[in-house]
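S.K.: What follows is a single structure, and I will ask about it in a moment.
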Amino acid sequence: MTFKMITDSCCDLPASFLAEHDIDIVSMIVTMDNKEYIDDMGKTFDVEWFYQQLKEGKQASTSQINLGTYYETFKPYVEQKMPVLYLAFSSALSGSYNNALAAVQMLKDEFDQVDVVVLDTKAACLGEGMLVYEAALMKAAGKSREEVMDWLAENAGKVHSWVTVDDLNHLERGGRISKTAAAVGSLLNVKPIIVVDKEGALISVGKARGRKKSIETLIKNTIDGIVDSEKQTLFVGHVGVPEDGEYIKERLAEALKVKEIIVLGFGPTIAAHTGFGSLAVFSFGKER
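What follows is the structure, encoded as structure tokens:
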């Protein structure tokens, strides 16, 4: 039996890919200068403008997806008795996942048959996007929801997310590091090396002196940790620095045999917290 795939705008995949694979999107809300914007994967939101605002020092905040939005998203498929698989942004980074579960419970109180599976990817940005991407290709190849879920259960914990930021002030504003650490780090030109851990939380696992060394660290750690590279499509993400993303792609392509390496910009929800100049590489390894 066919099923409906749904994800959220934190997956940062191109809207065209999601449309091609008939994947619905639940949008996060981004606020800047007291104005709310819908993160609709670039349909109306001008992400290049947003990057420029971040570069100029503007601050942005994000809001979790509320229960009512999930209810209205899932309800039409429940009414059609269409099975749903929703791949959610990490529960360790947002309350959205729990709101999705609450919406499913509301629907169960109202309908006799509710077949909505909410899966916590415990991933963010193109790490979540990688899982959505592979699941979409499996669905297109005729795999059942159960087969897709089995694959996700086996592989979601193998997503490697290597991240660095260029502006420590965004991490400080988001409460990830202290004001003192941000000030000292900026003075010494220290760039943190960040991963998404097994629980889906962002944690700092190292530091690099300078931009160049931080980029080299992302490349080296990806190469060292990757498994069965020839079977993989890798993703490289950036905030307003596509040339750095392309450089990483070239370096990885020289060192690894892979199916494809795709360079994409972060969506505004993630970019709001990492800041202009952020970079990340996503691949599959043995475990996080």
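Residue numbers for the sequence shown follow my numbering, beginning at 155 and rising by one.
For each residue, glycine too, the CB sits at the ideal point set by N, CA and C.
For clarity, every value in this text was computed on a predicted model and none was experimentally measured.
Quick one: what does DSSP say Met-284 is sitting in, helix, strand or coil?
M.R.: Helix, per DSSP.
S.K.: Just to confirm my understanding: we take Lys-411, look at its own chain, exclude 5 residues before and 5 after, and list those with CB closer than 7 Å. What are they?
M.R.: Ser-383, Glu-384
S.K.: Between which two residues does the alpha helix (DSSP H) holding Thr-227 run?
M.R.: 221-233
S.K.: What does the alpha-carbon distance come out to for the pair Glu-441 and Val-319?
M.R.: So the two alpha carbons sit approximately 23 Å from each other.
S.K.: Could you check the C-alpha separation between Asp-162 and Lys-366 for me, to the nearest Å?
M.R.: 32 Å
S.K.: With distances taken Cα to Cα, identify the nearest neighbour of Lys-374 among Lys-403, Gly-222, Asp-194.
M.R.: Lys-403
S.K.: Can you check which of these residues, Thr-428, Gln-267, Cys-279, is closest to Val-417 by C-alpha distance?
M.R.: For the options Thr-428, Gln-267, Cys-279, the alpha carbon positioned closest to that of Val-417 is the one of Cys-279.
S.K.: Identify every run of the beta strand (DSSP E) within the region 254-304, keeping only runs that are complete inside it and at least 3 residues long; order them along the chain.
M.R.: Fully enclosed beta strand (DSSP E) runs of 3 or longer: 270-274.
S.K.: Helix, strand or coil for Gly-339, going by three-state DSSP, please let me know.
M.R.: Residue placement at Gly-339 is flagged as unreliable, the pLDDT there being 46, under the threshold of 50; the coordinate-derived value follows with that caveat. The answer is helix: DSSP assigns Gly-339 an H, G or I state.
S.K.: Cβ of Leu-221 within 8 Å of Cβ of Val-393?
M.R.: no
S.K.: What does Arg-363 pair with, by DSSP beta-bridge criteria?
M.R.: Val-344
S.K.: Within its chain, find whatever has a CB closer than 6 Å to the CB of Val-232; leave out the 5 residues flanking it on each side and keep chain order.
M.R.: The answer, listed in chain order, is Leu-261, Phe-265, Val-268.
S.K.: Cα separation between Asp-274 and Lys-352?
M.R.: 12 Å
S.K.: For Ile-177, which three-state DSSP category applies?
M.R.: coil
S.K.: Just to confirm, is the Cβ distance from Val-272 to Val-258 under 8 Å?
M.R.: yes
S.K.: To the nearest angstrom, how far is it from the Cα of Phe-157 to the Cα of Arg-363?
M.R.: 48 Å
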